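Chemist: Protein chains in written order, with our numbering: chain A, 1 to 141; chain B, 142 to 282. The structure is given below, and queries will be raised subsequently.
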DNA sequence: AATTTAATGCAAATCTATTGCATTTGCAAC
DNA sequence: GTTGCAAATGCAATAGATTTGCATTAAATT
């Protein structure tokens, strides 16, 4: 199973126009297993176990983000987080996120929408591609 | 007029429990004049004209934020931005912001609202205190 | 297996922000 | 007004996240 999973990951990486290096494969697998976005540090620490340099981990994440495999977001704590872009998702048109300002927990939201009036107002400002909500999650209230 | 404005600022600062130093007064006045949140760098650059150190500018912003005069937000580019907390506004319940992902311009929005359905959904997640919209501004489209 | 060119490791550099410490200053009490 | 002292400042050093230069290594192609 893990054998074919690795091959599958390699394919995905090559399809994005990048070489399928061990660092990138491991990064992709790690993000696949994770249910929430991971930081540079998270990934770097994991990869360091197999002797991969942190700069390489950073580059793996940035390169794969640029190649359209990952999405990079900043949730208010000055740290980048990365998540796999789902099959049907657009590169820059992801789902809304909710971030708890107390515990840092991140939730992916599906059906959050603005009122028509708000859409009209925002259309004058520009084109909205991302909605981020911050507040306190149910556990922290 | 500017004389009394300075006195007014001093009063506000003292009421917050801080000493009314030139750096703080100048910071407050600058933020009062600005229509969108300013970065520490913006403020530091402005204050440096009168010989104020950047560390002092940082401390002025952080201290006044802690004292409840300013709101500090992070809009996705790993840079803190500061804005005056309006008269009727809650400390942690500000207005929505829009950030252009191309030019970085930040706009303050007033009347952006979520649909009722979205509010119901989000209420299950927790209490929303901040809405951040990202996209491309009219100039960058 | 040889070739080409992207990727890596390592260290140094950036960028934003913070902090230690000696010195200065606001401001409240005299 | 002068004094006293905690609070604020300047300057330099530091911290933390991320990036970059460059020589070396290793994918992918032939």
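For each residue, glycine too, the CB sits at the ideal point set by N, CA and C. In this text, all values refer to a predicted model and were calculated from it rather than measured experimentally.
For residue 133(A), which of 110(A), 126(A), 123(A) and 121(A) has the nearest alpha-carbon?
Modeler: 110(A)
Chemist: Compare the C-beta of residue 258(B) with all C-beta atoms of chain A and state if any pair is closer than 9 Å.
Modeler: yes
Chemist: So who's on the other strand from residue 277(B), going by DSSP bridges?
Modeler: 127(A)
Chemist: Any C-beta of chain B sitting closer than 9 Å to the C-beta of residue 141(A)?
Modeler: Using a CB distance cut-off of 9 Å, residue 141(A) counts as an interface residue toward chain B.
Chemist: Span of the beta strand (DSSP E) holding residue 188(B)?
Modeler: Residue 188(B) -> not in any beta strand (DSSP E); alpha helix (DSSP H) instead, spanning 181-189.
Chemist: Tell me, which residues are paired with residue 107(A) by DSSP?
Modeler: 98(A)
Chemist: Rounded to the nearest angstrom, how far is the Cβ of residue 60(A) from that of residue 24(A), given a contact under 8 Å?
Modeler: 5 Å
Chemist: With a 10 Å radius around its C-beta and 16 neighbouring C-beta atoms as the bar for buried, classify residue 160(B) as buried or exposed.
Modeler: Of the other Cβ atoms in all chains shown, fewer than 16 fall within 10 Å of the Cβ of residue 160(B); this residue is therefore exposed.
Chemist: Would residue 183(B) pass as an interface residue toward chain A - the criterion being a Cβ-Cβ separation below 9 Å?
Modeler: no
Chemist: Does the beta-carbon of residue 124(A) have 16 or more other beta-carbons within 10 angstroms, so that it is buried, or is it exposed?
Modeler: Exposed: under 16 other Cβ atoms inside 10 Å.
Chemist: In angstroms with no decimal places, state the Cα-to-Cα distance between residue 207(B) and residue 4(A).
Modeler: 54 Å
Chemist: Quick one: is residue 243(B) buried, meaning 16 or more other Cβ sit within 10 Å of its Cβ, or exposed?
Modeler: When all chains shown are included, residue 243(B) counts as exposed.
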